[in-house]
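Peer 1: After the structure tokens below, expect a handful of questions from me.
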Amino acid sequence: MEDLSTWASLASPLLSLATIVYVFLTAGSKKAQADIDAFKASNAEELQVIRSSIDGKSAEIERKLEDHAVRVQSIESDMKHLPDVKSFTDLRLAVAEIKGEAGKQAEVVNGIARTVHRMENFLLTGSKSAA
Numbered sequence: 163m164e165d166l167s168t169w170a171s172l173a174s175p176l177l178s179l180a181t182i183v184y185v186f187l188t189a190g191s192k193k194a195q196a197d198i199d200a201f202k203a204s205n206a207e208e209l210q211v212i213r214s215s216i217d218g219k220s221a222e223i224e225r226k227l228e229d230h231a232v233r234v235q236s237i238e239s240d241m242k243h244l245p246d247v248k249s250f251t252d253l254r255l256a257v258a259e260i261k262g263e264a265g266k267q268a269e270v271v272n273g274i275a276r277t278v279h280r281m282e283n284f285l286l287t288g289s290k291s292a293a
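All letters in the sequence shown, in the order written, are residues 163 to 293 by this note's numbering.
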């Protein structure tokens, strides 16, 4: 029984010391929680104003997003009608071929024009030296 009283006399101050440490460590958190509650109470109106502002802007942003979606969809539908890279390359080759043919036709027309000019001179002067 004496051992039990010795242990009890040693445990009592240790238990008191542990209680003091616990109270010391948790006192700050209680004060912090009280400060947080006071802050929430004092700024509740401002917080509500901010929330309503965010809700209003959220609706505006959502409307703009829908407008952009419509615009993107219309651009995509217009892009479907445009030629792709292969078609555009084929088109460039066809235009180059047409330019070449036009150059050949221009030479033929120039030859015909020279012949017509010589014939006109011959008919106007009536001689063979007009050429």
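Note that CB positions come from ideal geometry on N, CA and C, so glycine has one too.
How would you write the range of the alpha helix (DSSP H) that Gly288 sits in, first residue to last?
Peer 2: Unbroken run through Gly288: none, as it is neither H nor E.
Peer 1: Helix, strand or coil: how does DSSP classify Lys266 here?
Peer 2: DSSP places Lys266 in helix when its eight states are reduced to three.
Peer 1: Using beta-carbon positions only, say whether Pro245 and Leu255 come within less than 8 Å of one another.
Peer 2: No, the pair does not count as a contact, with Cβ atoms beyond the cut-off.
Peer 1: Which residues bound the alpha helix (DSSP H) around His243?
Peer 2: First-last for His243: undefined, no H or E at that position.
Peer 1: Measure the C-alpha to C-alpha separation of Ser215 and Val183 and round it to an integer number of angstroms.
Peer 2: Cα to Cα, Ser215 sits roughly 46 Å from Val183.
Peer 1: Could you give the distance in angstroms between the alpha-carbon of Gly277 and the alpha-carbon of Ala264?
Peer 2: Note that residue 277 is Thr in the sequence shown, not Gly. Distance between the alpha carbons of Thr277 and Ala264 is about 20 Å.
Peer 1: Measure the alpha-carbon distance for Glu238 versus His230 and round it to whole angstroms.
Peer 2: Near 12 Å, if we compare the C-alpha coordinates of His230 and Glu238.
Peer 1: Helix, strand or coil for Asn205 per DSSP?
Peer 2: It is coil, neither helix nor strand.
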